[in-house]
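Engineer: Could you have a look at this structure, given as structure tokens, before my questions?
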Amino acid sequence: MFVHPWKGIIANIPTTLQDGKHVGESGRKLREDLAKKGFNPLKVQPLWNRHGHSGYAIVEFNKEWDGFNNAIMFEKSFELDRYGKKDYYSSRRKKDKLYAWVAREDDYYSGGMIGEYLRRNGDLKTVSSKEAEDRRKTSKLLTTLNNTLETKNQRLQEMQNKFNEVSSSMSTLMWQKDDMIRAYNEECKKMQENAHNHFKQISLEHERNAKCILDQKRELEQREKELLQREAQNETETKKLQHEKMMNERAALEQKKADETMFKLAEEHKRDKEKLRREIIKLEKQLDTRQGLELEIQRLRGALQVMEHMNGDGDADTKKRMEVIQDELKEKEEELEDLEDLNQALIIKERKSNDELQDARKELITAFKDVSTRAHIGVKKMGEVDIKPFLVAAKRKYSAKEADVKSAELCTLWQDYLRDPSWHPFKILKDKEGNCKEILDEEDEKLVELKTELGDEAYNAVTMALKQMNEYNPSGRYVVPELWNFNEGRKATLTDGVQHLLNKWKLHKRRRY
């Protein structure tokens with residue numbers, strides 16, 4: 281039985297008496313001496329009593345097996361020199377040499393300060409019990425490490441699965457985001473082109489009217505100059521000039537009335553459409569009203585200049601009329617400025633409303649993408665060829681096994697034709713009023729061949745997809761998703777989509793409760 285952690289005992293340490301106390305070598309010097317001999321002690325603790333240094337010291341070694349080996353070597357070294365435990369207790373005349381041995385059971389239970397120190401700082405173990413304890417610790421450590429490794433592997437697998445799910449979700453989201461951005465850009469481009477063409481047409485019309493009035497104004501000014509250069513005014517020419525001026529004013533009033541009538545008809549025609557269309561009509565109305573005001577201002581300025589040229593005699597009525605015209609001109613100019621501010625505000629409001637409506641419509645299309653076409657409201661792919669008529673035609677020409685494959689091939693072929701920008705089977709016709717209209721060219725070679733080989737049903741499916749493609753995406757030539765009212769066979773409004781969602785939510789709520 282050894283004392284564990286492994287300890288050695290050094291005896292017969294020389295001491296001297298100083299000031300009534302015994303003094304000996306310090307524990308640090310003893311440890312350094314033992315370390316030089318290769319015993320590698322951790323610590324050397326001298327034992328002290330009330331008289332001072334007792335002449336004994338405890339050597340502490342590492343508690344593992346290398347410490348045990350050092351302790352045994354420490355003991356063997358002193359035994360070889362005949363300074364072991366037996367030598368210490370058997371010798372009656374001890375030399376001034378150190379005696380040392382490894383602490384065992386008899387030392388542990390001995391009386392005095394050595395036994396007390398050993399019992400306080402260690403316990404008894406055999407070599408076999410220490411080996412068994414080490415095996416238990418090693419087994420426990422291996423079990424703990426295996427459990428930890430298994431837990432880490434499970435956690436790693438969970439993280440790998442989560443990473444795969446997140447990666448897949450991110451890929452799907454990025455694909456959807458790219459589609460949404462591409463559709464949004466195309467829609468914005470189309471709206472900008474329509475708005476640009478519309479405003480360009482209005483601007484050209486306004487320029488033509490302004491040029492016509494300016495030409496009339498110049499003609500009147502030229503005639504006024506000729507009249508002012510004459511010494512004697514011709515009353516007949518003056519009346520004729522006034523008559524032409526009055527006719528010019530009437531023409532401007534008639535133009536204004538015609539514009540107002542046109543806007544009323546447009547407003548009545550589009551009254552039942554969605555909010556964005558109403559805002560656009562209101563914006564156009566304000567813009568045309570501004571044009572009317574500009575025409576009115578031009579007319580008043582022309583009349584004012586005429587009155588200034590004719591005011592040579594200083595007629596009081598003429599001056600008063602000029603003041604009235606100036607006040608009316610100032611009022612019209614202020615009204616035009618207010619209308620400009622209102623027009624800008626309406627443009628901003630219209631853009632914001634249009635963006636909100638387009639975003640809402642895109643959200644509805646996204647929400648209804650996976651809804652069955654048997655539902656009341658859903659998403660219809662505009663420009664996509666229906667395969668059912670091709671399946672019917674294929675069953676008439678091929679066997680039941682070949683019909684499915686042939687119908688799919690034919691449908692894919694014609695869908696590729698629709699995507700080809702070089703094939704545009706439409707022609708432009710003018711009506712009696714000179715308006716141009718684009719209609720389907722029924723004499724196109726491909727369409728005639730399709731109708732002859734596969735019949736009217738396949739022909740109608742292709743022409744329907746052609747018209748949809750020409751309406752929704754004539755430049756891109758690819759299928760466009762659209763919110764659709766399948767019951768009524770028309771483009772669904774935002775109100776239709778929201779109402780359908782509310783009905784489904786209410787039905788789901790009743791089923792839950």
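Residue numbering for the sequence shown follows the numbering used here, beginning at 281 and increasing consecutively.
By construction, the Cβ of each residue, glycine as well, lies at the ideal position given by its N, Cα and C atoms.
Quick caveat: nothing in here was measured; it's all calculated off a predicted structure.
Name the one or two DSSP bridge partners that R384 has.
Structural biologist: In the sequence shown, counting from the first residue as 1, residue 384 sits at position 104. F282.
Engineer: With 16 as the cutoff for other CB atoms within 10 Å, does W703 come out buried or exposed?
Structural biologist: Within the sequence shown, the letter at position 423 stands for residue 703. Answer is exposed; the Cβ neighbour count stays below 16.
Engineer: Taking DSSP as the reference, what is the three-state secondary structure of A475?
Structural biologist: Locating residue 475 in the sequence shown gives position 195, where the first residue counts as 1. In this structure, A475 counts as helix in the three-state DSSP scheme.
Engineer: Quick one, which of M749, R399 and E713 has its alpha-carbon nearest L720's?
Structural biologist: Indexing the sequence shown from 1 puts residue 720 at position 440. Looking at the Cα atoms, M749 is the closest of the given residues.
Engineer: For P285, tell me which candidate among R362, E576 and F341 has the shortest Cα-Cα distance.
Structural biologist: The count along the sequence shown starts at 1 and reaches residue 285 at position 5. Nearest C-alpha to P285: F341.
Engineer: Who does E718 pair with in a DSSP beta bridge?
Structural biologist: Counting from one through the sequence shown, the residue named residue 718 turns up at place 438. Paired residue(s): I708.
Engineer: Measuring alpha carbon to alpha carbon, tell me which residue in M527, P761 and D495 is nearest M460.
Structural biologist: As a first step, residue 460 must be located in the sequence shown, where it is residue number 180. Considering only alpha carbons, the answer is P761.
Engineer: Look at G307 and P294 and say whether their C-beta atoms are less than 8 Å apart.
Structural biologist: The residue labelled residue 307 in the question sits at position 27 within the sequence shown. The residue labelled residue 294 in the question sits at position 14 within the sequence shown. No, Cβ-Cβ distance for G307 and P294 is not below 8 Å.
Engineer: Closest by CA to D696, which one among K710, L774, L746 and G735?
Structural biologist: As a position in the sequence shown, residue 696 is number 416, starting the count at 1. Residue L746 is the option with its Cα nearest to D696.
Engineer: Excluding five sequence neighbours on each side, which residues of the same chain lie with their C-beta closer than 7 Å to the C-beta of D552?
Structural biologist: For the purposes of this step, residue 552 is taken as residue 272 along the sequence shown, with counting starting at 1. Interpretation of D552 is limited by its pLDDT of 43, a score under 50 that renders its predicted location unreliable; no figure is taken from the coordinates.
Engineer: For E576, which residues from the same chain have a beta carbon less than 6 Å from its beta carbon, with the 5 sequence-adjacent residues on both sides left out?
Structural biologist: Position 296 of the sequence shown, counted from the start, is the residue given in the question as residue 576. Excluding positions up to five away in sequence, the list reads K612.
Engineer: In this structure, what does DSSP give as the bridge partners for A762?
Structural biologist: By one-based count along the sequence shown, residue 762 stands at place 482. As written in the sequence, residue 762 is Glu, which differs from the Ala given in the question. Note: E762 sits in a beta bridge opposite K660.
Engineer: So, at 7 Å on beta carbons, what are the nonlocal neighbours of N753 in its own chain, with the 5 sequence-adjacent residues on each side left out?
Structural biologist: Along the sequence shown, one-based indexing puts residue 753 at 473. Closer than 7 Å at Cβ, skipping near neighbours: G663 and V760.
Engineer: Which whole-angstrom value describes the C-beta separation of Y389 and N292, a residue pair presumed to lie in contact below a C-beta threshold of 8 Å?
Structural biologist: The count along the sequence shown starts at 1 and reaches residue 389 at position 109. The count along the sequence shown starts at 1 and reaches residue 292 at position 12. At roughly 22 Å, the Cβ-Cβ gap does not stay under 8 Å, so Y389 and N292 are not in contact.
Engineer: Are at least three pairs of beta-carbons, each pair with one atom in the region 346-366 and one in the region 323-338, less than 8 Å apart?
Structural biologist: no
Engineer: So S334 is in the beta strand (DSSP E); what residue range does that whole segment cover?
Structural biologist: Walking along the sequence shown from the start, residue 334 turns up at place 54. Looking at the DSSP string, the run of the beta strand (DSSP E) that includes S334 is G332 to E340.
Engineer: Could you compute how far the alpha carbon of M526 sits from the alpha carbon of R498?
Structural biologist: By one-based count along the sequence shown, residue 526 stands at place 246. By one-based count along the sequence shown, residue 498 stands at place 218. The straight-line gap from Cα to Cα measures roughly 16 Å.
Engineer: Taking 8 Å as the cut-off, decide whether the C-beta atoms of V303 and G402 are in contact.
Structural biologist: As a working mapping, residue 303 is identified with position 23 in the sequence shown. As a working mapping, residue 402 is identified with position 122 in the sequence shown. It is not a contact, given that the beta carbons lie outside the stated cut-off.
Engineer: If I measure Cβ to Cβ from M281 and keep anything under 8 Å in the same chain, skipping five residues before and after, which residues do I get?
Structural biologist: As a working mapping, residue 281 is identified with position 1 in the sequence shown. For M281, same chain residues with a beta-carbon under 8 Å away, outside a window of 5 residues either side, are R384, E385, Y388, L404, K405 and T406 in chain order.
Engineer: Using CA atoms only, rank isn't needed, just tell me which of S447, V665, E737 and Y336 is closest to T692.
Structural biologist: To locate residue 692, count along the sequence shown from 1; it is residue 412. Of S447, V665, E737 and Y336, the residue nearest in Cα terms is V665.
Engineer: Quick check on the DSSP output: the alpha helix (DSSP H) that includes G347 runs from which residue to which?
Structural biologist: Taking the first residue of the sequence shown as 1, we reach residue 347 at position 67. Counting along the chain, the alpha helix (DSSP H) containing G347 begins and ends at W345 to L360.
Engineer: Could you tell me the distance, in whole angstroms, from the CA atom of F670 to the CA atom of S687?
Structural biologist: Taking the first residue of the sequence shown as 1, we reach residue 670 at position 390. Taking the first residue of the sequence shown as 1, we reach residue 687 at position 407. Near 5 Å, if we compare the C-alpha coordinates of S687 and F670.
Engineer: Figure out for me which residue from M744, P701, E713 and W381 has the closest Cα to the Cα of E263.
Structural biologist: The shown model of the chain, from 281 to 793, leaves out residue 263, and the question about it has no answer.
Engineer: Let me know if D776 comes out buried or exposed under the rule of 16 or more other beta-carbons within 10 Å of its beta-carbon.
Structural biologist: Taking the first residue of the sequence shown as 1, we reach residue 776 at position 496. The Cβ neighbour count for D776, taken over all protein chains shown within 10 Å, is at least 16; the residue is labelled buried.
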